[in-house]
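Step one of this worksheet: look at the structure below.
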Amino acid sequence: MKRFLMVFLLSISCVQNLSAAEIYQCEKDGRMQYSQTPCSHDQKAIGKKVTQDSTDSESEKQHRINQLAQDKKEAARLEHERHKTEDKRDKENSRQAAKTEKQKSQCDKAHLQVKWAEEDARNASPKSEAKARQKLKRTKEKADLACKH
952 MKRFLMVFLL SISCVQNLSA AEIYQCEKDG RMQYSQTPCS HDQKAIGKKV
1002 TQDSTDSESE KQHRINQLAQ DKKEAARLEH ERHKTEDKRD KENSRQAAKT
1052 EKQKSQCDKA HLQVKWAEED ARNASPKSEA KARQKLKRTK EKADLACKH
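Quick note, the sequence shown lines up with residues 952 to 1100 if you use this note's numbering.
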């Protein structure tokens, strides 16, 4: 918004008519105001009055036009840079969301394997009970690692 205001004010300064004019910069209720009359008692004067002299040379006019063009280019560059930064941030957020989703999926799978290992341990014959309990123990350790993050 500030950039837009700056470009707008610069374009107005280049385009306004060539008659002499005084502009007063005032602040009222935290808002900037520009006027042809001096600031009133309830306004705070921000800057000196700015005058536009009708005797501006062609080189000064051209300089203002060039400055405006440079400001427009800079505003476009900053806007492009902002879009690039936002795109980069969005991609990073997408990657992080995908990573989180993958971890959640792995954790869910690990809990399902623990459930199956518990079932196997309950239904194991006395001969294979020790092996089933060992498998259950290892499956729980894997699940703890998968769900740690």
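Note that beta-carbon positions come from the ideal geometry of N, C-alpha and C, so glycine has one too.
For residue i, the first and last residue of its enclosing beta strand (DSSP E)
i: Gln-984; result: 982-986
Inter-residue spacing [alpha-carbon to alpha-carbon] between residue i and residue j
i: Val-1070; j: Glu-1032; result: Here residue 1070 is Glu; the residue named in the question, Val, does not match the sequence. Each residue's Cα considered, the two are about 57 Å apart.
i: Lys-1035; j: Ile-1016; result: 29 Å
i: His-1014; j: Ser-1008; result: 10 Å
i: Thr-1090; j: Val-1065; result: 6 Å
i: Ala-1049; j: Lys-1042; result: 10 Å
i: Asn-1044; j: Arg-1084; result: 41 Å
i: Glu-1025; j: Lys-1055; result: 45 Å
i: Cys-977; j: Arg-1040; result: 39 Å
i: Ser-1079; j: Asp-1038; result: 56 Å
i: Arg-982; j: Glu-1052; result: 47 Å
i: Lys-1099; j: Pro-1077; result: 33 Å
i: Gln-1021; j: Ala-1027; result: 10 Å
N-terminal and C-terminal residue of the alpha helix (DSSP H) that residue i is part of
i: Cys-1098; result: 1080-1098
Same chain, Cβ closer than 6 Å to residue i, five either side skipped, listed in chain order
i: Tyr-975; result: Ser-986, Pro-989, Cys-990, Lys-1000
i: Gln-1018; result: none
Contact set for residue i: own chain, Cβ-Cβ below 8 Å, skip 5 residues either direction
i: Leu-1087; result: Val-1065, Ala-1068, Glu-1069, Asp-1071, Ala-1072
i: Glu-1011; result: none
i: Lys-1082; result: Ala-1075
i: Asp-993; result: Lys-979
Other residues of its chain near residue i: CB distance less than 7 Å, five sequence neighbours each side excluded
i: Gln-1057; result: Ala-1097
(request) Answer yes if the region 1059-1077 comes into contact with the region 1088-1095, meaning at least three C-beta pairs across the two stretches below 8 Å, and no otherwise. (result) yes
(request) Could you pull out every unbroken beta strand (DSSP E) segment of at least 3 residues lying fully inside the region 1014-1041, listed in chain order? (result) none
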